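Only one structure is covered here, and it is reproduced in the block below.
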Amino acid sequence: MEQQVFALTQKGSAELLAADTSLSAAELELLVLIDGRSSVAQIIPAASSLAPEAVVAALQKLAASGYIASAADITIDAIDSGDFFTKALAAPTAGGASPQAASESDAGVSSLKRNGYYVRIARRAATPRALAAGEKIHVVVVEDDA
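Numbering (the working numbering), first residue to last: -4 to 141.
Here is the structure:
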């Protein structure tokens, strides 16, 4: 079971969003740790307040109750932002994007700017940059839905 990867079901997601819960504190802690990528072996040390046997038993109970299921059995229609960092992309060509793609991109950016949006498109570097000794990356994300 340690190689098993679980993901939240709709019932599990709803339980996390609900104002109250019928789950125990241990079950709720494990529900929060379920991400659809981590195996049971990776979840066990993350649930440091629980014994490994208790983690396995609670995961089995959550699965039997329909809060979680095997990640292979669950399909999600949403965009997974984590895929940007984990999916391998084809290396960019020396000439960059095709003229048609560049034209479409420029038209889209121009349209957004005319409507008051500030546009910068993030791209994956062709070669990963190595951090200098002691260097840390700092990221600030601001979301404004107002």
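Yeah, the Cβ is synthetic: ideal placement off N, Cα and C, and Gly gets one too.
Just so it is clear, the structure is predicted and the values come from calculations on it, not from any experiment.
- Secondary structure at Leu3: strand, using DSSP grouped into helix, strand and coil.
- Of the candidates Glu48, Asp30, Arg109, Ala36, the residue whose Cα lies closest to the Cα of Gln(-2) is Ala36.
- Contact check for Val0 against Ser43 fails: the beta carbons are separated by 9 Å or more.
- A direct Cα-Cα distance of roughly 29 Å separates Thr4 from Asp139.
- Excluding five sequence positions before and after Glu10, the CB atoms of its chain that fall closer than 7 Å to its own CB belong to Thr16, Leu18, Leu26, Tyr62, given in chain order.
- Between the C-alpha atoms of His133 and Gly7 there is a straight-line separation of about 32 Å.
- The Cβ-Cβ distance between Ala2 and Ala66 falls below 9 Å.
- Taking C-alpha positions only, Gln55 is separated from Ser105 by approximately 52 Å.
- DSSP places Ile39 inside the alpha helix (DSSP H), whose first and last residues are 35 to 41.
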